[in-house]
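So the sequence shown is numbered by UniProt numbering: it starts at 1 and just counts up by one.
Backbone N, C-alpha and C define an ideal beta-carbon position, used for all residues, glycine too.
If you're wondering where the values come from, they're calculated on a predicted model, not measured in any experiment.
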Amino acid sequence: MNAPAQGGTPPVVVLAGNPNVGKSTLFNRITGLKQHTGNWPGKTVGSAWGHGKADGWRFLLGDTPGAYSLFSHSAEEEAARDAICFGGADAVIVVCDATCLERGLNLVLQVLELTPRVVVCVNLMDEARRRGISVDLSALENALGVPVSGCAARDGAGVEALLRRVRDVAAGKNRPQPRLVRYAPDIEYARDRIAADLAERGASLYAPFAAMRILEDDRGMIVRLEAELGVSVREMRAVREETERIRPERAREEAAAAIFAQAEQISAACVRTRPGALARQARLDRLLTGRLTGLPIMLLLLALVLYITIAGANVPSEMLSAFFAHAETWLSGALAALRAPGWLISMLCEGMFRALGWVVAVMLPPMAIFFPLFTLLEDLGYLPRVAFNLDAAFKRCHACGKQALTMCMGLGCNAAGVVGCRIIDSPRERLIAILTNVFVPCNGRFPMMISLIGLFLAASWPMAALMLAGVIVLGVLVTFASSRLLSATLLKGVPSAFTLELPPFRRPQVGRVIARSVVDRTLRVLGRAVAVAAPAGLAIWALANIRLSGGTLLSLCVGALDPFARFLGLDGAILMAFILAFPANELVLPLTMMAYLSGGALAQPESTAALGALLSANGWTWLTALNTILFSLMHWPCSTTVITIARETRSAKWTLVSVLLPAVLGMAACALTAVLARVFSLAP
1 MNAPAQGGTP
11 PVVVLAGNPN
21 VGKSTLFNRI
31 TGLKQHTGNW
41 PGKTVGSAWG
51 HGKADGWRFL
61 LGDTPGAYSL
71 FSHSAEEEAA
81 RDAICFGGAD
91 AVIVVCDATC
101 LERGLNLVLQ
111 VLELTPRVVV
121 CVNLMDEARR
131 RGISVDLSAL
141 ENALGVPVSG
151 CAARDGAGVE
161 ALLRRVRDVA
171 AGKNRPQPRL
181 VRYAPDIEYA
191 RDRIAADLAE
201 RGASLYAPFA
211 AMRILEDDRG
221 MIVRLEAELG
231 VSVREMRAVR
241 EETERIRPER
251 AREEAAAAIF
261 AQAEQISAAC
271 VRTRPGALAR
281 QARLDRLLTG
291 RLTGLPIMLL
301 LLALVLYITI
311 AGANVPSEML
321 SAFFAHAETW
331 LSGALAALRA
341 PGWLISMLCE
351 GMFRALGWVV
361 AVMLPPMAIF
371 FPLFTLLEDL
381 GYLPRVAFNL
391 DAAFKRCHAC
401 GKQALTMCMG
411 LGCNAAGVVG
421 CRIIDSPRER
431 LIAILTNVFV
441 PCNGRFPMMI
451 SLIGLFLAAS
461 WPMAALMLAG
471 VIVLGVLVTF
481 ASSRLLSATL
491 LKGVPSAFTL
501 ELPPFRRPQV
511 GRVIARSVVD
521 RTLRVLGRAV
531 AVAAPAGLAI
541 WALANIRLSG
551 GTLLSLCVGA
561 LDPFARFLGL
571 DGAILMAFIL
581 AFPANELVLP
591 LTMMAYLSGG
601 ALAQPESTAA
611 LGALLSANGW
621 TWLTALNTIL
631 FSLMHWPCST
641 TVITIARETR
651 SAKWTLVSVL
661 LPAVLGMAAC
671 ALTAVLARVF
681 SLAP
């Protein structure tokens with residue numbers, strides 16, 4: 001992670017810390033930016049830069065991914081280490097969680113081996129007080145030998161005092177003398193000998209730290225040193241002799257044990273916990289992650305969120321549909337008054353504008369309800385408990401339990417879920433998570449599922465919510481099955497070990513949650529869908545209005561697809577709608593209606609009852625609705641997600657697999673459902 005190029009040379013300050021200690025919250029507080037934060041580990045999967053200011057002092061602030069150590073076991077740890085080692089930092093802020101200080105001290109002690117220009121920020125002091133935990137900051141500062149400052153980044157308490165101490169360190173006014181970890185005498189001798197050789201050769205990196213990484217056979221660090229020095233590190237005399245005497249396994253074990261022991265000792269001296277203060281958290285965790293209670297509570301919460309979304313979105317959607325219908329009439333009249341030709345009026349109003357109106361009307365209400373509810377659960381700290389509950393199932397599929405977190409992100413947008421897969425360390429397991437994220441229905445697929453369940457499969461909104469929850473559970477089961485299939489065929493391997501932190505439950509800040517979910521999620525996803533819907537509406541209008549051999553291009557394509565689609569329990573109009581809706585899943589239903597009405601414009605029903613009547617008149621039954629929902633759950637990703645997969649995998653092969661895998665599984669599921677229904681005379 002290198003600081004972005006800019007005019008002048010302001011001081012560079014780097015944030016480091018474990019996952020979920022509030023680094024991104026502190027970054028946003030200092031810079032005024034809006035990087036997404038959440039109460040679960042791994043929210044920051046890339047670097048972010050912003051400008052900060054304190055009492056007239058300006059600096060450049062970098063936020064690194066959360067890391068438990070600098071030993072580069074994962075991409076996040078390597079990025080954090082490189083930012084400190086090679087990012088030209090004038091000061092490093094290591095953020096710790098006051099509610100679990102010992103874990104953060106492991107990283108602090110490693111950073112102190114790399115640079116003395118460190119300020120330790122003990123964040124979440126307010127949470128610690130609420131939980132009966134007190135941290136003696138003066139004792140901690142004496143034990144570490146570097147400045148220590150407490151704060152509560154969410155409220156801004158203590159941030160100004162922190163920045164004043166950072167300014168003094170970066171400007172050289174305060175020169176900390178850190179108390180470093182002591183290792184076994186023979187390891188310290190080997191480290192010092194290698195460090196002296198590196199210093200003589202002009203290594204820019206802090207030599208003792210680099211020497212320990214060489215003893216541990218840190219291949220990434222060795223490659224960076226060889227590129228800088230222009231020599232083979234292993235051929236250096238001191239390295240050759242000392243690595244023969246001390247094996248890498250012993251060096252790693254000794255280093256980890258010494259750091260852990262010192263962190264434990266410092267924490268015991270500086271932290272006091274009120275007796276029984278952690279009992280409530282433990283009881284909640286036993287309830288939410290228990291073998292008998294964890295999964296039922298998870299399903300109940302899912303059904304409740306979906307019920308509120310379904311019941312609350314119906315009326316606003318109809319109001320927005322009516323608004324856009326009136327707006328379209330006004331726009332058509334305005335264009336006619338300007339003497340625009342009829343074909344242009346039809347293209348702009350019945351093609352582009354109607355597509356935009358449909359997307360906004362069907363997406364905005366459910367998103368405006370679902371995203372705040374989802375963000376409340378996220379802020380509360382529930383999502384890591386979901387990953388914990390599903391971890392055993394993912395292990396049996398030879399996948400990673402962190403995949404559950406990326407699936408939760410996929411409920412909002414599959415493209416965001418794909419990007420979120422960066423939190424998975426193993427390249428094999430990360431690729432499995434990317435390829436299977438599409439089986440979690442994104443927000444763009446919910447409106448059609450809700451409509452079809454209500455029209456053909458459920459008699460009440462509570463029943464509809466249960467059925468929609470069942471569809472999502474089916475998507476999770478398909479994710480398990482496809483992950484196991486990939487692990488046994490294209491991506492063979494065994495599940496890797498990883499650290500899953502269960503963060504403390506925190507009281508959500510409801511106002512900020514609503515504002516963040518509306519601005520950062522709802523409007524962002526809606527904006528992307530609108531940007532895609534406008535050109536898609538134009539292309540669809542052209543297909544519906546260009547005529548060949550007595551029919552439109554759209555009707556000819558529908559007729560060609562109909563025999564195969566009937567075998568799947570669908571029809572040609574439905575299958576064609578899925579193909580044309582590749583840019584945006586929200587357009588499947590209006591495209592289907594346009595094909596049924598044989599019109600040259602996207603259809604927009606006046607009510608849910610009118611939609612049901614139109615579909616029934618074109619031969620829809622419960623089987624058609626069920627298979628349409630199944631195919632919506634299991635079909636190719638939208639264009640935005642495909643582009644994101646191509647960018648994340650950098651592979652045409654895996655991008656193609658991401659399209660073919662869900663399409664084949666979806667067609668197989670629909671064909672099987674249709675055949676069984678006909679064999680048992682459940683459908684015509």
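Limits of the alpha helix (DSSP H) - the one that residue i falls within
i: H326; result: G294 to A337
i: A263; result: P248 to C270
i: A393; result: L383 to R396
i: I93; result: No alpha helix (DSSP H) contains I93, which is instead part of the beta strand (DSSP E) from A91 to D97.
i: S632; result: W622 to L633
i: P684; result: Note, P684: premise wrong, no alpha helix (DSSP H); not H, not E.
i: D379; result: R354 to L380
i: T673; result: A652 to V679
i: I453; result: No alpha helix (DSSP H) contains I453, which DSSP labels as neither H nor E.
i: E235; result: Note, E235: premise wrong, no alpha helix (DSSP H); not H, not E.
i: Y189; result: P185 to E200
i: N414; result: N414 to G420
i: W343; result: G342 to I345
i: P427; result: P427 to T436
i: A459; result: From DSSP, A459 is part of no alpha helix (DSSP H); its letter is neither H nor E.
i: L287; result: A279 to T289
i: P637; result: Run containing P637: none; DSSP gives neither H nor E here.
i: S619; result: A quick correction: the sequence has Gly, not Ser, at residue 619. Premise fails: G619 is in no alpha helix (DSSP H) and is neither H nor E.
Closest residue to residue i among the options (Cα-Cα distance)
i: L373; options: Q403, A355, A387 and I310; result: I310
i: G619; options: A683, T673 and I629; result: A683
i: G52; options: L26, Q262, G230 and Y68; result: L26
i: G666; options: V657, T673, M634 and A677; result: M634
i: G612; options: M448, A89 and S426; result: M448
i: L61; options: Y68, A89, A80 and L614; result: A89
i: T649; options: P590, M367, A361 and P427; result: P427
i: R286; options: G572, V418 and N389; result: N389
i: L300; options: R430, M467 and K173; result: M467
i: A139; options: L229, G32 and C270; result: C270
i: K173; options: A152, R117 and N142; result: R117
i: W57; options: Q110, I30 and R283; result: I30
i: R250; options: L597, T293, I187 and E264; result: I187
i: E228; options: A392, C85 and A609; result: C85
i: A464; options: I450, V473 and I574; result: I450
i: V181; options: V108, F370 and F324; result: V108
i: R194; options: P178, I214 and G202; result: First, the amino acid is wrong: residue 194 is Ile here, not Arg. Here the closest residue by C-alpha is I214.
i: residue 689; options: L580, A263, E586 and T608; result: This structure gives no information on residue 689, because the portion of the chain shown stretches from 1 to 684.
i: C413; options: R240, A79, R103 and R524; result: R524
i: L656; options: T641, G158 and D155; result: T641
i: G475; options: L411, A458 and H326; result: L411
i: R164; options: V119, D136, S616 and E200; result: V119
i: A399; options: T243, K492 and F505; result: K492
i: S632; options: A184, L526, S232 and P441; result: P441
Per DSSP, the bridge partner or partners of residue i
i: D63; result: L15 and A48
i: D22; result: It is Gly, not Asp, that sits at residue 22 in the sequence shown. For G22, which the question treats as bridged, DSSP gives no partner whatsoever.
i: residue 686; result: The requested residue 686 is not part of the displayed model; the chain covers only 1 to 684.
i: L548; result: G551
i: T273; result: I133
Whole-angstrom C-beta distance between residue j and residue i, which should lie under 8 Å
i: A539; j: V359; result: Not quite, the Cβ-Cβ distance comes to about 15 Å (not below 8 Å), so this is no contact.
i: S152; j: D168; result: In the sequence on display, residue 152 carries Ala and not Ser. No, A152 and D168 are not in contact; Cβ-Cβ is about 22 Å, not under 8 Å.
i: L225; j: A210; result: 6 Å
i: L630; j: A669; result: 5 Å
i: I574; j: T621; result: That belief does not hold up - the Cβ atoms of I574 and T621 are roughly 13 Å apart, past 8 Å.
i: L101; j: V135; result: 6 Å
Residue i Cβ short of 7 Å to the ligand MG heavy atom set
i: A196; result: Ligands in the displayed structure: none, and consequently the ligand MG is not present.
Taking only runs that begin and end inside the segment 104-183, name each unbroken alpha helix (DSSP H) of 4 or more residues, in chain order. 125-130, 137-144 and 159-170
Practice problem: Return the chain-ordered ranges of every alpha helix (DSSP H) run that is complete within the segment 553-590 and spans a minimum of 4 residues. | Solution: Unbroken alpha helix (DSSP H) stretches of 4 residues or longer found wholly inside the segment 553-590: 553-567 and 572-580, given in chain order.
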